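Worksheet: the structure to be examined is printed underneath.
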Amino acid sequence: MKLNENLKQKFMEGENFPRIIAQDETKQQVKSALSVGRHIIIVGPPGIGKTTLARNVSKILPDAEVVKGCQYHCTPDNPICPECKKEVKEKETIKGEQRFIRIQGSPDLTVEDLMGDIDPTKALQYGPLSIEAFTPGKIFKANNGILFFDEINRCPEKLQNALLQVLQEGTATIGSYEIEIPANFIFIGTMNPEDYSATEQMSEVFMDRFDVVYMTHPETIDAEKQIVMERSEKIENINFPEELLAVSTLFVRRLRDNKDIEKKPSVRATIGLYERAQANAMLRGSDKVELEDIKNAVISVISHRIKLKPSVKYLQTTTEFINEELNEFLNSNEAQRLMEGKESELG
Ligand SMILES: [Zn+2]
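Positions in the sequence shown are counted from 1; adding 393 to them yields my numbering.
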């Protein structure tokens, strides 16, 4: 069965990525695109769980029978490398999540890293065009699975073009050789929105091969609090009062809405505040987080994670800006109500 058929079946049975908190619109788009075998690029700020979402797609793939030890990740019923075509020796069953291959996009990544390379010694021995002389690259590991390409836009154009060739024609050119790459994988790429808005480094032809799915910061304060609770380190015996978690989370969320901030703080900022406030309480010798512990963590956690608009940067340093925003926020009715433990209906 083709991969997208497997997925489609799961989606029809009601699979909805329960490990991903909220993000219903994103999940819907991902399911729709993958059901019909589209390749996707998830565009969203860092730290919101793009990798986790992609990994969860692999988790719902059924177990697969593969040829044990084959570098091309052949399946016994459809072998792609000459060795397995000759004879399948040993088989093994792997789980869906073992069919997830992650590649970190970077300017240093070469076509050879991704596609593979010709070994000169073996080329002399077997002949330059022989498959025996070829060392398969990472893309083959994604055969019959998921190729997850993080920050695809950071790759050199040459590599983007090579990937495009694989997706379009199922072949890749290594040096002067043309090799066949059966593109039987699901491609999930990611990009940061700031990079995406400046996509001149991505060619139109390249982007034309993909559907783009947008992922946002957590939609509600409750969703964000839940993510913080699930993803952060906890120090034993330190109590973090619920109302203070609400206050620190809301402060980060208000910064995201701030019109003077160009680069918004991610969920990692909220998680950072949560972790560092606990550490501050512990170092004070207390077993309970106080507002001061959060305040003392704010600059260290947030200042490098935001970028002020040029017009503001001219008047104030980032530290001054954050301190002012923090004071204003803590004096607001909204924050006061939260600290009194009153439920806020505000997102
Ligand atoms: Zn093989």
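For glycine and all other residues, C-beta sits at the position ideal for the given N, C-alpha and C.
Given the structure is predicted, the values throughout are model-derived calculations rather than measurements.
For T712, there is no enclosing beta strand (DSSP E); the residue is found in the alpha helix (DSSP H) stretching over 711-723.
Three or more pairs of CB atoms, one per stretch, sit closer than 8 Å, so the stretch 489-509 contacts the stretch 441-453.
Each residue's CA atom was taken as its position, placing R698 and R624 some 18 Å apart. Residues close to ligand 1 by the beta carbon criterion (under 6 Å to any non-hydrogen atom) are, from first to last along the chain, V460, C463, Y465, C467, P472, C474, E476, C477. Bridge pairing for D543: Q497 [DSSP]. Contact between L557 and F599 holds, with the beta-carbon distance rounding to 6 Å and staying under 8 Å. By alpha-carbon distance to Y667, the top candidate from L723, I579, S696, L637 is L637. Take P439, set aside five residues on each side of it, and the residues of its chain with a beta-carbon closer than 8 Å to its own are N585, S659, R661, in chain order. In its own chain, leaving out the 5 sequence neighbours on each side, no residue places its CB closer than 6 Å to the CB of T609. Annotation for E655: K700, K702 place their beta carbon closer than 6 Å to its own, counting only its chain and skipping 5 residues before and after. Judged by DSSP secondary structure, I695 falls outside any beta strand (DSSP E) and instead within the alpha helix (DSSP H) spanning 684-695. Every alpha helix (DSSP H) stretch that sits fully inside the stretch 464-517 and reaches 4 residues is listed by chain position as 475-479, 504-508. The alpha-carbon separation between E571 and N577 amounts to approximately 18 Å. F633 sits in coil when the DSSP states are folded into three classes, being neither helix nor strand. For G582, the uninterrupted beta strand (DSSP E) segment begins and ends at 579-584.
Measuring C-alpha to C-alpha distances from V429 to each of G437, L396, D417 identifies L396 as the nearest.
Q553 sits buried, since 16 or more C-beta atoms from the chains shown fall within 10 Å of its C-beta. Q421 has its alpha-carbon roughly 21 Å from the corresponding atom of Q619.
Across the structure, L643 and D604 are spaced so that their CA atoms are roughly 33 Å apart. In terms of Cα proximity to F533, the closest of A690, G462, F714 is G462. Fewer than three Cβ pairs drawn from the stretch 459-474 and the stretch 682-695 lie within less than 8 Å of each other, which leaves the two stretches out of contact. Comparing alpha-carbon positions, the option among R547, M508, P475, P513 lying closest to L560 turns out to be M508. Classified as buried, P611 has 16 or more neighbouring CB atoms from the shown chains inside 10 Å of its CB. Bridge pairing for Y570: I567 [DSSP]. Here DSSP, grouped into helix, strand and coil, assigns F410 to coil. Counting along the chain, K702 sits inside no beta strand (DSSP E), nor does DSSP assign it H or E at all.
For T609, DSSP assigns no beta-bridge partner whatsoever. In the three-state DSSP reduction, K656 falls in the strand class (E or B). Taken through DSSP and simplified to helix, strand or coil, A457 comes out as strand.
For the set I524, L676, D417, E408, the Cα lying nearest the Cα of K478 is the one of I524. Rounded to whole angstroms, the separation of the alpha carbons of V640 and E458 is 50 Å.
Remark: C-beta atoms of I487 and D456 approach each other more closely than 8 Å. L719 is not a Cβ neighbour of V682, given a cutoff of 8 Å.
Put simply, the backbone Cα of V621 is about 27 Å away from that of I545. Sequence-distant Cβ neighbours of Q497 in its own chain, meaning closer than 8 Å and more than five residues away, are D543, E544. Taking the CA atoms as reference points, P411 sits about 37 Å from C474.
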